[in-house]
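Going by numbering that gives the first Met the number 0, the residue at position 127 of the sequence shown is 126; the numbering climbs one at a time, nothing skipped. Ideal Cβ positions, reconstructed from N, Cα and C, are used throughout, including at glycine. Since this is a predicted model, take the numbers as computed values, not measurements.
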Amino acid sequence: MKTIKYITNYFLWLACTLFAVLFVACDDDETPVLKVNRLAVADVAEGTISLIEGDTYATAVTTFPADAVDAGEYTYRYTTGNEKVFTVDESGVVTATGVGEGVLTVWSLNNTDLWTTCLVKVEKRIYPVTSITVSEAYKDYYVAMERTIKLGETVAVLPENATNPDVIYLSSDPEVAEVNEYGEVYTRGLGDVTITIKSTDGSEVATTCDFHVRNVEYTDYLERTSWTVETSHPWVTDPTAGGQPENMLDGNTKSSILLVKPGKSLGGVTVPATDVVYFTIDMQTPQTFDFFKLTHRTDNSHENLRVKKVSVYGSNDNEEFTELLKGADIPVAKTISDVIVDLPMKVTYRYFKVTLDAWASGGNTMQISEFNIGKMNFIANE
0 MKTIKYITNY FLWLACTLFA VLFVACDDDE TPVLKVNRLA VADVAEGTIS LIEGDTYATA
60 VTTFPADAVD AGEYTYRYTT GNEKVFTVDE SGVVTATGVG EGVLTVWSLN NTDLWTTCLV
120 KVEKRIYPVT SITVSEAYKD YYVAMERTIK LGETVAVLPE NATNPDVIYL SSDPEVAEVN
180 EYGEVYTRGL GDVTITIKST DGSEVATTCD FHVRNVEYTD YLERTSWTVE TSHPWVTDPT
240 AGGQPENMLD GNTKSSILLV KPGKSLGGVT VPATDVVYFT IDMQTPQTFD FFKLTHRTDN
300 SHENLRVKKV SVYGSNDNEE FTELLKGADI PVAKTISDVI VDLPMKVTYR YFKVTLDAWA
360 SGGNTMQISE FNIGKMNFIA NE
């Protein structure tokens, strides 16, 4: 009986052991060991990284299957397919360098059979206009009729690298003043008008200038008693006109300054053809003004003696000069003696420099009888 009981117990133990082995084997079949078999760039919609010039992007890599036991062991190498579009460093940080497209490739260093790619698309960075500025002198500006003001030359658009810095100019009343695409304002009639300068890039940035068109009196001339004049070249004498620079300040329209034209010689004075001939008036103290009057010699009205174009400059130290007006036309017809020229804006300077820019080819000298500087008086509209 003992032998039978022993055998029975043995077979019971053997059956339990076999069952346990079979159970473990079945469990192993259901939970196999999974390893990485695929890579992908994480969080990329439709396989494309979209950037703007100058942007950076930190590349993240996803391994599959998600529960791969060796996922944490993977390291990568990153390469760019077009360095003109983007670069990528060893950590996978992409830097957008230019507009275009290129392929980013991620290589597994653990398994050379695994890699992934995605497209990097870089678009141009848009810099909208943030402000438009214009010379303060034109923000509330009084001006005579039939004048042209080059407003556009004083306009500044910021930032300097704005993608579209173009502006448009609009007049609230073209009957008073019209403005063209270059910002040149032409005054046509008496009244008040607002000139609007507006961005065209959709930013809706704008600024305005108020122009007051009035009749003008040119009667407020500066006192010339203490003024002195220096010239760029020696002047020449004339028995009738004199020739001295101070003749422009003596109130006598028969006397004048005589300056030799470039490329000409007279009275022992020769001026090279490439030289700029000018005179500078020292008003002794800073003066405020916005026009000048040039008077031709009246007792000899030959056009060959008359200057045809001038530019004017202001300074307070007689060294650094600011351009006030470039290439102003001076009529030379025999019937004209006084020529009044408005400056673009009211200014304050001690020194007033005048360059003689154009003249007739005949004759040897340019002669100016009188030169006055003054302030305009605007007459209120009734």
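N-terminal and C-terminal residue of the beta strand (DSSP E) that PRO285 is part of
276-294
Taking its Cβ as the centre, do 16 or more other Cβ atoms sit within 10 Å of ASP289, making it buried, or is it exposed?
buried
Proximity winner among ALA155, VAL178, LEU342, THR347, relative to TYR217 (alpha-carbon distances)
LEU342
Three-state secondary structure (DSSP) at MET375?
strand
Run through DSSP, which three-state label would ASN214 get?
strand
Three-way DSSP call (helix, strand, coil) for TYR137 in this model
helix
Contacts around THR151, its chain only, beta-carbon distance under 6 Å, and the 5 residues preceding and following it disregarded:
The displayed chain sequence assigns Gly, not Thr, to residue 151. TYR181, GLY182, listed in sequence order.
Where GLU72 sits in the DSSP three-state scheme
helix
Among MET375, LEU38, LEU157, VAL309, which has the Cα closest to the Cα of LYS345?
MET375
Assuming THR115 and ALA39 form a contact by the criterion Cβ under 8 Å, report the distance between their Cβ atoms to the nearest whole angstrom.
5 Å
Among GLU72, LYS34, GLN366, which has the Cα closest to the Cα of TRP234?
GLN366
What three-state label does DSSP hand MET144 in the structure shown?
coil
With 16 as the cutoff for other CB atoms within 10 Å, does ASN382 come out buried or exposed?
Nothing can be reported for residue 382: it is not among the residues displayed for the chain, which extend from 0 to 381.
Put ALA332 into one of helix, strand or coil per three-state DSSP.
coil
Got a sec? Which residues, its chain only, sit under 6 Å from ASP219 by beta carbon, not counting five neighbours each side?
GLY373, LYS374, ASN376
Length of the line joining the Cα atoms of LEU103 and THR58
10 Å
For GLY151, the three-state DSSP class (helix, strand or coil):
helix
Complete runs of the beta strand (DSSP E) confined to the stretch 172-232 [at least 3 residues]:
176-178, 183-186, 190-198, 205-220, 227-230
Where do the ends of the beta strand (DSSP E) carrying PHE320 lie?
Counting along the chain, PHE320 falls outside any beta strand (DSSP E), and DSSP gives it neither H nor E.
Can you have a look at VAL275 and say buried or exposed, based on whether 16 or more other CB atoms are within 10 angstroms of its CB?
exposed
Relative to the C-alpha of VAL84, which residue among THR74, ILE48, ASP66, SER90 is closest?
ILE48
For LEU118 versus GLY101, is the C-beta distance shorter than 9 Å?
yes
Endpoints, the beta strand (DSSP E) within which ALA95 is located
92-95
Within the same chain, show all residues whose beta-carbon is closer than 7 Å to that of ARG146, passing over the 5 residues directly before and after it, in chain order.
THR186, ASP341
What separation, rounded to the nearest whole angstrom, lies between the Cα atoms of VAL306 and ILE280?
17 Å
Determine the contact status of ALA327 and LYS308, defining contact as a CB-CB distance below 9 Å.
yes
Reduced DSSP category for GLY313 - H, G, I as helix; E, B as strand; rest coil:
strand
For the beta strand (DSSP E) that contains LYS345, what are its first and last residues?
337-358
Which residue marks the beginning of the beta strand (DSSP E) containing ILE125, and which one marks its end?
Per DSSP, ILE125 belongs to no beta strand (DSSP E) and is neither H nor E.
Just curious, the beta strand (DSSP E) that GLY99 is in, first and last residue?
99-107
Quick one: what does DSSP say GLU302 is sitting in, helix, strand or coil?
helix
Please list, in chain order, all residues of the same chain as VAL331 whose beta carbon is under 7 Å from its beta carbon, the five residues on each side excluded.
GLU302, ARG305, LYS307
Is LEU248 near GLU369, with beta carbons less than 9 Å apart?
yes
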